[in-house]
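If you read the protein sequences in the order shown, they are chains S and L.
Position 310 of the first sequence, counting from 1, maps to 423 under our numbering, and the rest follow consecutively.
Position 4 of the second sequence, counting from 1, maps to 133 under our numbering, and the rest follow consecutively.
Every residue gets a Cβ at the ideal spot worked out from N, C-alpha and C, and that includes glycine.
As the structure is a computational prediction, the values presented were derived from the model and not from experiment.
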Amino acid sequence: MSETPASSTAITGAEIFVRCLLEEGVDTLFGYPGGAVLHLYDALYRQDKIAHILVRHEQAAVHAAEGYAKSSDKCGVALVTSGPGATNAVTGIADAYMDSVPLVVFSGQVPTSMIGNDAFQEVDTVGITRPCVKHNFLVKDVKDLALTIRKAFYVATTGRPGPVVVDIPKDVTADTCVFEYPKQIKMRSYNPTTRGHSGQIRKALEMILSAKKPMFYTGGGVILGRASDALTEFTRRLGYPITNTLMGLGAYPASDPQFVGMLGMHGTYEANMGMHYADVLIAIGVRFDDRVTGNIEKFCPYAKIVHVDVDPASISKNVKVDVPIVGQVEPVLRDMIRELDSMQQKPDAEALAQWWQQIDEWRAKDCLKYDSASPLIKPQYVVQKLWELTEGDAFVTSDVGQHQMWAAQFYGFDKPNRWINSGGLGTMGVGLPFAMGTQFAHPEATVACVTGEASIQMCIQELSTCLQYQLPLKILNLNNRYLGMVRQWQEFFYQGRYAMSYMEALPDFVKLAESYGHVGMQITEPGDVEGAIREALALKGRLVFMDFITDQSENVYPMIPAGAGQNEMILL
Amino acid sequence: MRHILSLLLENESGALSRVSGLFSARGYNIESLTVAPTDDPSLSRMTIVTSGSEEIIEQITKQLNKLIDVVRLIDLTPHRHIEREMLLVKVKVTEAAAREEVKRLADIFRGNIVDVSQETYVIELTGHGSKLDAFLEALQPFPIREVVRSGVMGIARGEIALHL
Numbered sequence: 114m115s116e117t118p119a120s121s122t123a124i125t126g127a128e129i130f131v132r133c134l135l136e137e138g139v140d141t142l143f144g145y146p147g148g149a150v151l152h153l154y155d156a157l158y159r160q161d162k163i164a165h166i167l168v169r170h171e172q173a174a175v176h177a178a179e180g181y182a183k184s185s186d187k188c189g190v191a192l193v194t195s196g197p198g199a200t201n202a203v204t205g206i207a208d209a210y211m212d213s214v215p216l217v218v219f220s221g222q223v224p225t226s227m228i229g230n231d232a233f234q235e236v237d238t239v240g241i242t243r244p245c246v247k248h249n250f251l252v253k254d255v256k257d258l259a260l261t262i263r264k265a266f267y268v269a270t271t272g273r274p275g276p277v278v279v280d281i282p283k284d285v286t287a288d289t290c291v292f293e294y295p296k297q298i299k300m301r302s303y304n305p306t307t308r309g310h311s312g313q314i315r316k317a318l319e320m321i322l323s324a325k326k327p328m329f330y331t332g333g334g335v336i337l338g339r340a341s342d343a344l345t346e347f348t349r350r351l352g353y354p355i356t357n358t359l360m361g362l363g364a365y366p367a368s369d370p371q372f373v374g375m376l377g378m379h380g381t382y383e384a385n386m387g388m389h390y391a392d393v394l395i396a397i398g399v400r401f402d403d404r405v406t407g408n409i410e411k412f413c414p415y416a417k418i419v420h421v422d423v424d425p426a427s428i429s430k431n432v433k434v435d436v437p438i439v440g441q442v443e444p445v446l447r448d449m450i451r452e453l454d455s456m457q458q459k460p461d462a463e464a465l466a467q468w469w470q471q472i473d474e475w476r477a478k479d480c481l482k483y484d485s486a487s488p489l490i491k492p493q494y495v496v497q498k499l500w501e502l503t504e505g506d507a508f509v510t511s512d513v514g515q516h517q518m519w520a521a522q523f524y525g526f527d528k529p530n531r532w533i534n535s536g537g538l539g540t541m542g543v544g545l546p547f548a549m550g551t552q553f554a555h556p557e558a559t560v561a562c563v564t565g566e567a568s569i570q571m572c573i574q575e576l577s578t579c580l581q582y583q584l585p586l587k588i589l590n591l592n593n594r595y596l597g598m599v600r601q602w603q604e605f606f607y608q609g610r611y612a613m614s615y616m617e618a619l620p621d622f623v624k625l626a627e628s629y630g631h632v633g634m635q636i637t638e639p640g641d642v643e644g645a646i647r648e649a650l651a652l653k654g655r656l657v658f659m660d661f662i663t664d665q666s667e668n669v670y671p672m673i674p675a676g677a678g679q680n681e682m683i684l685l
Numbered sequence: 130m131r132h133i134l135s136l137l138l139e140n141e142s143g144a145l146s147r148v149s150g151l152f153s154a155r156g157y158n159i160e161s162l163t164v165a166p167t168d169d170p171s172l173s174r175m176t177i178v179t180s181g182s183e184e185i186i187e188q189i190t191k192q193l194n195k196l197i198d199v200v201r202l203i204d205l206t207p208h209r210h211i212e213r214e215m216l217l218v219k220v221k222v223t224e225a226a227a228r229e230e231v232k233r234l235a236d237i238f239r240g241n242i243v244d245v246s247q248e249t250y251v252i253e254l255t256g257h258g259s260k261l262d263a264f265l266e267a268l269q270p271f272p273i274r275e276v277v278r279s280g281v282m283g284i285a286r287g288e289i290a291l292h293l
């Protein structure tokens, strides 16, 4: 807005929209225009402070906004049109809901006078998205627009974060009123807890210090709550073993000896056995998801449980806990460290030494081993090489399936916000748009997308967006010509009846990448893996699509089959 | 176990469907649900009768509290409380004897006949759900044409009050 209107001048809803984004510090949004949002796009066109990234499909706009948010400490913003624009966005919104991603999605709506008339490109966006948003709004009057946008950002980014949808009818974007952005926001029905209860914190610490076989089990909440440093300090202070969930990787440095790897269905032997035999479980920013607990009846049979979470509804939802602490993870951990310093009691060194001895025995199983002498490219090897060559410092996104698990197992994340994947909803197709959003948040960083030939095709059109914005992503396609995870389950549990899990009629990915103006490579020999990744990383300004033809029969190990306990893993 | 939850929620379009959507999405039971604006027109008061184990009821209250439109919530069950439901029933009464008998039953149950036609009575009755059940049972010999029940409303006795 070159001519900033005086505060007493009425401006259009579309201009108010832009002004609100500026007030919220938004510099990037992802979207796709359409009839209902033409006024909004016109207002965006007439300013130069906010970059609008044009995707090729609305689903990717939301995923890119998620990647942007997950890799940074900002709120993601997406803008889509009414009807199909909104329905295409729903998968991204649901994905953000499951993984608690702070996101504000603006959707256009038909004019207020036409709502409910089955107008062209009309859909009940607020109704459709209601079950998969933290909250949503339909703005019926331009006078409510600024306050609603303020509320949307406030709700999306505080407490347990999540997506908020703001549905704006076209006439509201044309109507005018005086713009005033509320400085303070107070909602009588929304007061997220911050500090934990001091009595509970003390009780928790007593339990933690009495442990003989303790285990930290921490998750995405630590990353969302920016509590990595506090967690690392607290864990090191105690000398206890720690495992991270899929969403929590990087919250504690993977290269640290106290880290026992990821837990859960494809977690390490030592992490899952440690969970099973633990006597005190310190659960922080986690939600006891079924992919973590396995059979809930058999979960942590010997453990007393401390659970810290900002969302009271996450506590004792799946597993009854002994000491619940509702509060933001960071201040709670800081309080715990302070309390620990003031206490006489110290961890039981002798018991801890024995516990570590036991854990080291489990570690010695080397549960992630694979046939490294194979003449075929092993997918694990590709991820390992990526980790080595990027010195563990890249931003890594993944899609969903076997390659996701291998990326989680073999790329050791030492920092938070580096591992961007879809944990809760398990959305195939997120990898490429996640990487786009991540690259926009970190223009200079190396951003790698570990994907598979099935997932990548679910948002492949975004290669065009990558060309338009010159995004130098490194795509590692672990191409096994199968829906690998589906195939693995069919092999294990359906006697090898591979129903619809074979990927036929694949495109030539090299040519495909080239047709979008990128660099394509196909790698078929294990000996060429390292060279290819090196070459790709050296091509600084270019997107490189590496199509690795991998061993089709490779499975993800260890594996806890559905219904089994954490100590009942299938190992290679 | 049966629980009565009382809620104050923002009197906004969509608030009701957030609550009912939560119950259907998470598979919780709703026995009855009533809602109307309060003396403060920005607030609605809702009474939900539901059932489930203690763990489920705890989750229901937590999930309801998590809804942005829910301002306050109380589970009346552990408190001394009053619950009331209203019944409107239309009975076919053609014979004089039947008219007499139905009038007598309504009186016994302290109901009111609020509409009279050539062939029908509409009776209004308020009370605990079990009283309404008993009244309908007593009316069995007569042809019941229509039954409308309001669902349960509840309020705590004594000092406990659900307000801002």
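Item, Value
"Burial state of Q515 of chain S (16 or more Cβ within 10 Å)", "buried"
"Minimum Cβ-Cβ distance from R301 of chain S to chain L less than 9 Å", "yes"
"Residues of the segment 246-280 of chain S with Cβ closer than 7 Å to any Cβ of chain L, in chain order", "H248 and V268"
"E230 of chain L at chain S interface by Cβ criterion, 9 Å", "no"
"CA-to-CA distance, D161 of chain S to M114 of chain S, given in whole angstroms", "Legend: pLDDT at M114 of chain S = 43, less than 50; position of this residue unreliable, value from coordinates given subsequently. Using only the alpha carbons, I get a separation of about 8 Å."
"Residue ranges of each beta strand (DSSP E) within the segment 245-332 of chain S, 3 or longer", "248-251, 276-282, 289-291 and 327-331"
"Residues that G156 of chain L contacts on chain S, provided the C-beta gap is smaller than 7 Å", "None at all; the shortest Cβ gap to chain S is about 13 Å."
"Close beta carbons around E116 of chain S, own chain, < 6 Å, minus the five adjacent residues each side", "Its pLDDT being 45, under 50, E116 of chain S is placed unreliably by the model, and the measurement read from it follows with that caveat. Cβ neighbours of E116 of chain S beyond the five flanking positions: none."
"For N590 of chain S: DSSP bridge partner residues", "S:T564 and S:D660"
"E116 of chain S (DSSP reduced to helix, strand or coil)", "Per-residue confidence for E116 of chain S stands at a pLDDT of 45, beneath the threshold of 50, marking its modelled position as unreliable; no derived number is given."
"Chain L contact residues for P425 of chain S, given Cβ-Cβ distances below 8 Å", "K191, N194 and K195"
"For N408 of chain S and G387 of chain S, the rounded distance between their alpha carbons", "16 Å"
"Candidates S:I129, S:V139, S:G138 and S:A178: closest to D155 of chain S by CA position", "S:I129"
"Reference F152 of chain L, options L:Q269, L:L196, L:D262 and L:L234, closest by Cα", "L:L196"
"Alpha-carbon to alpha-carbon, Q172 of chain S and V669 of chain S", "29 Å"
"Rounded separation between L268 of chain L and D231 of chain S - CA only", "47 Å"
"D198 of chain L versus S:H248, S:L135, S:V217 and S:A177, residue with shortest Cα-Cα distance", "S:H248"
"Residues within the segment 210-221 of chain S neighbouring chain L, beta-carbon criterion of under 7 Å", "none"
"S614 of chain S classed as buried or exposed, judged by whether at least 16 other C-beta atoms fall within 10 angstroms", "buried"
"Status (buried if at least 16 other CB within 10 Å, exposed otherwise) for R400 of chain S", "buried"
"Beta carbon of Q608 of chain S nearer than 9 Å to that of V623 of chain S", "no"
"Alpha carbon of T204 of chain S to alpha carbon of I241 of chain S, nearest angstrom", "11 Å"
"Proximity of C188 of chain S and V217 of chain S at Cβ, strictly below 9 Å", "yes"
"Cβ-Cβ separation, Q517 of chain S to N530 of chain S (assumed contact under 8 Å), whole Å", "Not confirmed; about 17 Å, so no contact."
"G334 of chain S versus P215 of chain S - alpha carbon distance", "12 Å"
"Separation of L138 of chain L from P305 of chain S, as counted between CA atoms", "17 Å"
"Exposure label - I124 of chain S; buried when at least 16 CB within 10 Å", "buried"
"Where R276 of chain S falls, given that 16 or more other Cβ within 10 Å makes a residue buried", "Going by the sequence as given, residue 276 of chain S is Pro instead of Arg. Burial call: buried."
"Reference Q570 of chain S; option with closest CA among S:L652, S:E617 and S:P327", "S:E617"
"Against chain L: residues of the segment 413-438 of chain S by CB proximity under 9 Å", "D424, P425, A426, S427, I428, S429, K430 and K433"
"Which residues DSSP lists as bridging V203 of chain S, in chain order", "DSSP lists no partner for V203 of chain S."
"Any C-beta of chain S under 9 Å from that of L162 of chain L", "no"
"Nearest-angstrom Cα separation, counted from M360 of chain S out to M328 of chain S", "18 Å"
"Contacting residues, own chain, Cβ-Cβ under 7 Å from G525 of chain S (five flanking each side not counted)", "A367, S368, W500 and G505"
"Contacting residues, own chain, Cβ-Cβ under 7 Å from L446 of chain S (five flanking each side not counted)", "A340, A343, L344 and F347"
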